[in-house]
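Participant: Position one of the sequence shown corresponds to residue 1 (the UniProt record's numbering), numbered consecutively onward. Where a beta carbon is used, it is the ideal one built from N, C-alpha and C, also for glycine.
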Amino acid sequence: MRPAEQLSQFVAEALSAGRSRLEIAAALRAAGWTETETAEALGAWAEGDFLPPVPRPRPYVSASEAFVYGLMFLALAMTTWHVTALGFRLIDRWIPSLSDPATYYSADAIRWSIASLVVFFPLFLILNQRTTRAARRDQGVRRSAVRRWFGHLTLFLATLALLGDLIAVIYAALGGDLTLRFLAKAGLVAVTAGIVLVYFRGEMAEPDDAG
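Following this line, the structure appears as structure tokens:
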């Protein structure tokens with residue numbers, strides 16, 4: 001039996017025996033368990049007079065949700081990538097570079113990005129709407145471990161994009177290469193990553209607020 005299972009079993013048996021939560025917490029701390037481990041172990045059981053103690057709902061993992069969120073993550077990644085790539089191509093076309101007036105321009109690359117957006121952006125919207133509706137109908141969906149992993153991974157990558165964008169701007173400024181074209185591209189990256197960050201930050205805060 002794993003330590004976490006032993007701890008959970010001990011707390012359940014102690015509560016069933018009529019021990020108070022303060023007594024159990026003191027015993028766990030005396031045995032070397034940390035405050036966080038103690039709080040989580042006690043928090044796994046609902047407070048009340050009913051015996052045996054009632055377990056609280058916990059995050060779960062579903063294979064079907066893993067498929068949906070995996071596809072949704074792919075659709076979001078492809079959408080943000082091709083929005084940025086398409087924006088870069090259009091910026092190169094609309095804002096000429098004095099240092100490199102003959103910048104390579106590819107109509108094929110633009111068509112490919114547009115074709116990808118036609119497929120992946122609606123797919124993301126459909127899947128996102130589906131998962132949002134499911135979460136509204138069933139509060140238990142908000143406890144999905146896959147949902148939280150997807151959201152926090154998205155937040156992590158969006159934050160990395162913003163930090164990388166900021167580093168690139170500072171580097172260009174220090175080297176005197178802060179051109180209008182560069183600022184336009186940096187702004188596009190910041191806006192794209194910022195939209196993703198703000199949206200999914202709200203999505204991840206929702207389950208905690210609902211609980």
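Which partner residues does W45 have in the DSSP bridge list?
Facilitator: W45 pairs with P55.
Participant: What do you get for A26, buried or exposed, if any count of 16 or more other CB atoms within 10 angstroms of its CB means buried?
Facilitator: Answer is exposed; the Cβ neighbour count stays below 16.
Participant: What are the uninterrupted segments assigned as alpha helix (DSSP H) that are 4 or more residues long and contained completely in the UniProt domain "DUF5671" (65-197), given in chain order?
Facilitator: Counting only runs of 4 or more, we get 107-137 and 145-174.
Participant: Would you check if the stretch 106-118 and the stretch 82-91 touch, i.e. whether three or more CB-CB distances between them fall below 8 Å?
Facilitator: With a cut-off of 8 Å, the stretch 106-118 and the stretch 82-91 count as touching, because enough Cβ pairs lie within range.
Participant: Would you give the residue range spanned by the alpha helix (DSSP H) that R21 belongs to?
Facilitator: Here the alpha helix (DSSP H) through R21 covers R21 to A30.
Participant: Can you tell me whether E203 is buried or exposed? The criterion is at least 16 other CB atoms within 10 Å of its CB, across all chains shown.
Facilitator: Burial call: buried.
Participant: Taking its Cβ as the centre, do 16 or more other Cβ atoms sit within 10 Å of G151, making it buried, or is it exposed?
Facilitator: So G151 ends up on the buried side.
Participant: What is the DSSP secondary structure of T34, counted as helix, strand or coil?
Facilitator: It is coil, neither helix nor strand.
Participant: Rounded C-beta distance between L71 and L155? I'm assuming under 8 Å.
Facilitator: Not really, about 19 Å apart at Cβ, beyond 8 Å.
Participant: Buried or exposed for W94, going by 16 or more other Cβ atoms inside 10 Å?
Facilitator: It is exposed - the Cβ of W94 has fewer than 16 other Cβ atoms within 10 Å.
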